[in-house]
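Q: Residue numbers (this note's numbering): 4 to 300. For each residue, glycine too, the CB sits at the ideal point set by N, CA and C.
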Amino acid sequence: MDNTMTKIKPNKSSKIGGKTRSILTVLSTGFFAILSILVAIPLVIGFTASMRPGSEMMAQGLHLNLNFKEWMLDNYVYLLSGNEDSIKFFNWFKNSLFLTLISVIGTLILCYFIAYGLSMYDFKLKNTLFFIVIATMMVPFEILMLPLYQEIINFGLIDTTWGVVLPGLCGASTIFFFKQYMSSLPKELLDAGRIDGATEYGICLRIMLPITKPAFAAMAILTSMGSWNNLLWPMLIYKDASKFTLPIGLNTLLTPYGNNYDVLIAGSMFSLIPVFIIFIIFQKYFVEGMTAGAVKG
């Protein structure tokens, strides 16, 4: 009888541990809820500002106006009306989409193959090469900007899309992420593929590439956001106004001679749509990719 009572006697330490975990869960949930609200507030303010005339925003500044009776769609109607400003905006939008598409596809493919070689094969200077990749992550882009610009001039790529895309194709952070992700995969998969008669390219493309789908999704989101919002480097390379991307084009609306806030605010809100679409498409794999890529083992 005593033994039975001893077995069913509740463990106080487990109760305390459970309470501690519950408290930590509540605190962490509250913290991230507050953080989410702080992140969302600027977006809400920007959206409400796009529902007011630009002249009113100039007079009153940005503020959270939730009076729905005062909201109007005039800025968006003007943006989609096919006038001169609308044509310029959607030309910038098209240029940004094209540049982002090329940058994302090129970066993911190139960085995947580099990371695959660094993680799946053993060769001389492997660690040295990887150290060089990591070291480049510590160098600010502003330091490399002028040498890169001179190099683009020497190659004759000024005012071309390739002049914008090429310097960023081998992203050190993307290579690092892919390598960390693939380092956690069993190398026995390579041996199994070789036994089945697959070539090295077949193993890389048919066996390993599908497994790294979460890493591709995570890097697709981050790379596309970086390329879509890139302002400084395309501004240096592009000279022809017809090739301007969306960040450059919106920046031209702010001049000493007059500011077109109607198009600027509405266009800024409209430019968020592709980023949201990309995140919705890849968010299924995003958390898995970020978690797996951050841990080796």
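(1) Take the Cβ of Ile112 as the centre, count every other Cβ of all protein chains shown within 10 Å, and call the residue buried at 16 or more, exposed below.
(2) With respect to the alpha helix (DSSP H) encompassing Thr131, which residues constitute its N-terminal and C-terminal limits?
(3) Which residue from Asp88, Trp74, Met238, Tyr204 puts its Cα closest to that of Met123?
(4) Out of Asp265, Val47, Ser271, Met238, point me to the one whose CA is closest to Asn78's CA.
(5) Helix, strand or coil: how does DSSP classify Asp194 here?
(6) Return the first residue and the last residue of the alpha helix (DSSP H) that Phe219 is part of.
(7) Measure the C-alpha to C-alpha separation of Ile44 and Phe126 and round it to an integer number of angstroms.
(8) Just tell me which of Thr28, Lys97, Ala36 has its CA closest to the CA of Pro277.
(9) Would you check whether the ligand NAP has a heavy atom nearer than 7 Å to the C-beta of Leu30?
(10) Only counting the same chain, and skipping five residues up and downstream in sequence, which positions put a Cβ closer than 7 Å to that of Leu256?
(11) Which whole-angstrom value is the C-beta distance of Thr303 and Trp74, which I expect to be below 8 Å?
(12) Suppose the cutoff is 8 Å on Cβ atoms and the five residues either side in sequence are ignored; what does the same chain contact list for Ser39 look like?
(13) Does the Cβ of Asn233 have 16 or more other Cβ atoms within 10 Å, making it buried, or fewer, making it exposed?
(14) So within the segment 33 to 109, which uninterrupted alpha helix (DSSP H) runs reach at least 4 residues, ignoring any that extend past its ends?
(15) Going by CA-CA distance only, name the one from Gly33, Leu69, Ser89, Asn157 that's closest to Ile240.
(16) Between which two residues does the alpha helix (DSSP H) holding Val168 run?
(17) Using C-beta distances below 8 Å, list every residue in its chain close to Leu76, excluding the 5 sequence neighbours before and after it, in chain order.
(18) Answer yes or no: do Ala201 and Ile210 have a C-beta to C-beta separation smaller than 8 Å?
(19) My output table needs one value for Cys207: the three-state DSSP class, helix, strand or coil.
(20) Just to confirm my understanding: we take Pro207, look at its own chain, exclude 5 residues before and 5 after, and list those with CB closer than 7 Å. What are they?
(21) Rounded to the nearest angstrom, what separates Leu149 and Ile26 at their Cα positions?
(22) Using a 10 Å radius around the Cβ and a threshold of 16 neighbouring Cβ atoms, would you call Ile284 buried or exposed?
(23) Around the C-beta of Lys246, are 16 or more other C-beta atoms found within 10 angstroms, so that it is buried, or is it exposed?
(24) Please classify Glu189: does DSSP put it in a helix, a strand, or coil?
(25) Which residue from Leu151, Ile178, Gln153 puts its Cα closest to that of Phe134?
(26) In chain order, what residues of the same chain lie with their CB nearer than 6 Å to the CB of Lys182, ignoring the 5 residues before and after it?
(27) With H, G and I counted as helix, E and B as strand and the rest as coil, what does DSSP make of Lys242?
(28) For the alpha helix (DSSP H) containing Ile161, list its first residue and its last residue.
(29) Taking the alpha-carbon of Leu188 as reference, which of Ala218, Leu160, Thr32, Arg197 has the nearest alpha-carbon?
(30) Does DSSP put Lys22 in a helix, a strand or coil?
A: Short version:
(1) exposed
(2) 129 to 139
(3) Tyr204
(4) Asp265
(5) helix
(6) 216 to 231
(7) 51 Å
(8) Lys97
(9) Ligands in the displayed structure: none, and consequently the ligand NAP is not present.
(10) Asn262, Asn263, Val266, Leu267
(11) With the chain running from 4 to 300 in the structure shown, residue 303 is simply not present.
(12) none
(13) buried
(14) 57 to 63, 77 to 82
(15) Asn157
(16) 164 to 168
(17) Met54
(18) yes
(19) helix
(20) Position check: residue 207 holds Cys in this sequence, whereas Pro was assumed. Result list for Cys207: Tyr119, in chain order.
(21) 52 Å
(22) exposed
(23) buried
(24) Correcting the residue type first, residue 189 is Pro in the shown sequence and not Glu. Coil, per DSSP.
(25) Ile178
(26) Ala118, Leu121, Ser122
(27) coil
(28) Segment: none, Ile161 is in no alpha helix (DSSP H) and carries neither H nor E.
(29) Ala218
(30) helix
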